[in-house]
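Numbering of the sequence shown is given in the numbering used here, commencing with residue 21 and proceeding in unit increments. Following: one structure in structure tokens, then a few remarks.
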Amino acid sequence: MPAVDSLTSLILLALRLVALAGAAYAVFHAARQRPDAFTAVDKLTKPVWLGILVVALLVVFVFGAVNFIGLLGVVAVCVYLVDVRPKVDAIQRGPRW
């Protein structure tokens, strides 16, 4: 069943690339934000989030996105992208009318 093995490999590669792209975007986004925006929305500080995201990026790069350690990195990136990023963006944009 070489076709199944190659299909599985392609799917795992695609998942790894998506996880790497998401982690790289999260690091880039966090690096560009003002430090006071993180504490204004009652989240961890900017250096802490940058540390978490850089470690997550390295973990996903080294271990992939589908094993236990890789999933921890993916979860950290998802928490930033779903919870922290929208609040940091909203506080820097101000109220919408």
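Yeah, the Cβ is synthetic: ideal placement off N, Cα and C, and Gly gets one too.
Cα-Cα separation between residue i and residue j, rounded to whole angstroms
i, j, result
"Ala76", "Ala110", "24 Å"
"Asn118", "Lys63", "In the structure displayed, the chain extends from 21 to 117; residue 118 sits before or after that span and is not available."
"Asp56", "Ala50", "12 Å"
"Val104", "Leu32", "27 Å"
"Trp101", "Val74", "Correcting the residue identity first, residue 101 is Leu in this sequence and not Trp. Whole-angstrom Cα-Cα distance: 14 Å."
"Val68", "Arg113", "22 Å"
"Lys66", "Arg54", "8 Å"
"Leu37", "Ala43", "10 Å"
"Ala60", "Thr28", "44 Å"
"Ser26", "Ala39", "20 Å"
Whole-Å CB distance - residue i paired with residue j, under 8 Å assumed
i, j, result
"Val94", "Ala85", "5 Å"
"Ile89", "Val79", "6 Å"
"Phe48", "Val108", "Not a contact, Cβ separation roughly 13 Å."
Report the start-end ranges of each alpha helix (DSSP H) in the segment 33-63 that is 4 residues or longer and not cut off at the edges. 55-60
4 or more residues per run - each alpha helix (DSSP H) lying fully within the segment 76-109: 88-99
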